[in-house]
Amino acid sequence: MANTMASSALLPSFEGLRAQSSCQKPASSAPTTSASPTHQPLSVVADKRVQKRRQVILTEDVEYLGKSGALLAVKTGYFRNFLYPTGKAKLATPEILKAIRLEEVRKEEERKAVKAEAESVARVLQNAGILTLRRKRGGQGKQIFGSVTSQDIVDIIRANTKQEVDKRDVTVPEVREIGQYSVEIRLHPEVIAQVKINVVGQ
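What the sequence shown shows, in my numbering, is residues 14 to 215, in sequence order.
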């Protein structure tokens, strides 16, 4: 009986504690109506996936890449992991790049000199006038025996102008009878001379 009364006396104070805790607001609760917007600072992150490129010179032919001696820009990883270990390329150092530029200048001057020489020969040939080539007649008409070959043109040019040309550069039209013809001589990829020949019977 005494134990029951003691338990009953404790109940009101316990319930009061529960009621009090349920009425209090959490200390961490923040108002929802008067909050001002906050601004987060922007941050820029570098993209580490972008790979640098290196200028290299191929030391041998590489399929789908280039010929030996080619100056190329390739990804650093490709050079470090494949081209360099296999001896297919080397770094293009400032000294090597300078040497390449000097070689390009030398080659360009050489190309200009070759073209100038071809132009000089072309002027001589075109100023030589009409070159006469004799062929045996074939019967009573204008027809001739045989034909006119590239070697015939080389010989007649040498005899009349003292100039040497390669018969592989001579284009001769079909010559079957006496008359005048124009022969094309390719002295250079950009220089073509036209030589007039007069085929006469004998």
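Built from N, CA and C at the ideal position, the CB exists for glycine as well.
How many angstroms separate the CA atom of Q164 from the CA atom of Q156?
A straight line joining the alpha-carbon of Q164 with that of Q156 spans about 20 Å.
For V213, which residues in the same chain have their Cβ closer than 8 Å to its Cβ, ignoring the five residues on either side in sequence?
Cβ-Cβ distances below 8 Å link V213 to T145, L146, R147, R148 and I191 in the same chain, with the five nearest sequence neighbours on each side left out; the list follows chain order.
Cβ neighbours of E187 in the same chain (closer than 8 Å, five flanking residues each side left out):
Around E187: S160.
Starting from S163, trace the beta strand (DSSP E) in both directions and tell me its first and last residue.
Per DSSP, S163 lies in no beta strand (DSSP E); the unbroken alpha helix (DSSP H) holding it starts and ends at S163 to T174.
In angstroms, rounded to a whole number, what distance separates the CA positions of G154 and T184?
Answer to the nearest angstrom: the Cα atoms are 26 Å apart.
Which listed residue (T106, I166 and G100) has its alpha carbon closest to that of E73
Minimum Cα distance to E73 is reached at G100.
Where the alpha helix (DSSP H) containing E73 begins and where it ends:
Bounds of any alpha helix (DSSP H) do not take in E73, whose DSSP letter is neither H nor E.
Residues of its chain near T89, where Cβ-Cβ distance is below 8 Å and the 5 sequence neighbours each way are ignored
Result list for T89: Q64, K65, R66 and R67, in chain order.
Where does E190 sit, in a helix, a strand or coil, going by DSSP?
Of the three classes helix, strand and coil, the one that applies to E190 here is strand, per DSSP.
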